[in-house]
Amino acid sequence: MDLVIEENVDELLKAQTHMWNHTPQFIKSMSLKCAVELGIPDIINNHGQPMPLSDLVSALEGMTLGLIMVNEVTASDSIFLGQVAALKCKEAFKGLNSLVDVAGGTGNMSKGIANAFPSIKCTALDLPHVVAVADSQGAKNLNFVVGDMFRVAHPADAALIKWVLHDWADEYCVKILKNCKEAITRNGKQENNHKDIIIDMVMANKNSDDDLAETEFCLI
Numbered sequence: 001m002d003l004v005i006e007e008n009v010d011e012l013l014k015a016q017t018h019m020w021n022h023t024p025q026f027i028k029s030m031s032l033k034c035a036v037e038l039g040i041p042d043i044i045n046n047h048g049q050p051m052p053l054s055d056l057v058s059a060l061e062g063m064t065l066g067l068i069m070v071n072e073v074t075a076s077d078s079i080f081l082g083q084v085a086a087l088k089c090k091e092a093f094k095g096l097n098s099l100v101d102v103a104g105g106t107g108n109m110s111k112g113i114a115n116a117f118p119s120i121k122c123t124a125l126d127l128p129h130v131v132a133v134a135d136s137q138g139a140k141n142l143n144f145v146v147g148d149m150f151r152v153a154h155p156a157d158a159a160l161i162k163w164v165l166h167d168w169a170d171e172y173c174v175k176i177l178k179n180c181k182e183a184i185t186r187n188g189k190q191e192n193n194h195k196d197i198i199i200d201m202v203m204a205n206k207n208s209d210d211d212l213a214e215t216e217f218c219l220i
């Protein structure tokens, strides 16, 4: 039985907001604790000069487990949002034959959409090391493409941009959006149903309740 159904989706969204509301409050203290336990201050001090991030990562041990935990949390969030989008935003996907999930990671968001809309050919675009570990199992209409969102986006009727733009300065966001516009354009023209679908935090949303407003400020 699916947990996310139309009857309880609003309640689950509120619960997700409540979870995100508390999570960022622990990040700084947890990051400091991890840095000390991993010996990062000593590694940098012993290096004797400014240390490139690549050298620091190479010097660290026990990093893999932390990255796996972060990836699992992100994956769970993407699966949930994919199911919610399919239920709450059906009209956004109406009439689409193809969709590219820009910086789509291992395809968890795309998989939710692909399963909800079997007629849409979904593609998750990301860097080589991400695509290398991606798995399309569970969705026949999902595939993966290696690409850099700052250079080009895979052609499709719609470009999905989830939790991406808030991480980048304006000039980089413009590059991403220009590439997405090009991806949904055919022969210099944009069809009526072709679109960019952006899922991200909206500041000063008049429909936000107190919990959601607090989460918005925690995540900026």
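Just so we're aligned, residue 1 is where the sequence shown starts under the UniProt record's numbering, counting upward by one. Positions of the beta carbon are idealized from the N, C-alpha and C atoms, including for glycine.
Give the range of the alpha helix (DSSP H) segment to which residue i is assigned.
i: Asn-46; result: 40 to 47
i: Phe-93; result: 90 to 93
i: Asn-115; result: 108 to 116
Anyone know if the C-beta pair for residue i and residue j falls short of 7 Å?
i: Leu-81; j: Val-9; result: no
i: Ile-79; j: Leu-99; result: no
i: Leu-38; j: Leu-60; result: yes
i: Gly-112; j: Gln-83; result: yes
i: Ala-159; j: Ile-184; result: yes
i: Ala-139; j: Asn-115; result: yes
Give the secondary structure of residue i by DSSP, where H, G and I count as helix, E and B as strand, and everything else as coil.
i: Ala-35; result: helix
i: Pro-155; result: coil
i: Ser-54; result: helix
i: Asn-8; result: coil
i: Val-174; result: helix
i: Val-102; result: strand
i: Leu-165; result: helix
i: Leu-87; result: helix
i: Leu-81; result: helix
What's the gap between the Cα of residue i and the Cα of residue j?
i: Leu-165; j: Cys-173; result: 6 Å
i: Trp-163; j: Met-201; result: 8 Å
i: Ile-197; j: Asn-179; result: 13 Å
i: Leu-53; j: Asp-167; result: 19 Å
i: Lys-195; j: Gln-137; result: 27 Å
i: Asn-141; j: Ala-134; result: 14 Å
i: Asn-143; j: Ser-110; result: 9 Å
i: Arg-186; j: Cys-122; result: 18 Å
i: Ile-44; j: Ala-35; result: 11 Å
i: Ile-176; j: Ala-169; result: 11 Å
i: Lys-94; j: His-47; result: 56 Å
i: Glu-182; j: Met-51; result: 39 Å
i: Ser-58; j: Met-30; result: 21 Å
i: Gln-49; j: Ala-85; result: 48 Å
i: Pro-128; j: Asp-55; result: 21 Å
i: Ala-132; j: Cys-89; result: 30 Å
i: Ala-124; j: Ile-161; result: 11 Å
i: Pro-118; j: Lys-14; result: 28 Å
i: Glu-191; j: Ile-40; result: 52 Å
i: Asp-126; j: Glu-11; result: 32 Å
i: Glu-171; j: Asp-42; result: 36 Å
i: Val-130; j: Asn-193; result: 30 Å
Mind checking which residues open and close the beta strand (DSSP E) that includes residue i?
i: Asp-200; result: From DSSP, Asp-200 is part of no beta strand (DSSP E); its letter is neither H nor E.
i: Val-133; result: Taken as a continuous stretch (DSSP letters only), Val-133 belongs to no beta strand (DSSP E), as it is neither H nor E.
i: Ala-124; result: 121 to 126
i: Asn-193; result: Asn-193 -> no beta strand (DSSP E), and no H or E assigned at all.
i: Asn-143; result: 142 to 146
Below 8 Å, can you find three or more Cβ-Cβ pairs linking the stretch 136 to 155 to the stretch 96 to 113? Segment contact: the stretch 136 to 155 against the stretch 96 to 113, three or more CB-CB distances shorter than 8 Å; contact assigned.
Contact between the stretch 102 to 122 and the stretch 135 to 151 (3+ Cβ pairs under 8 Å): With the cut-off at 8 Å, the stretch 102 to 122 and the stretch 135 to 151 touch.
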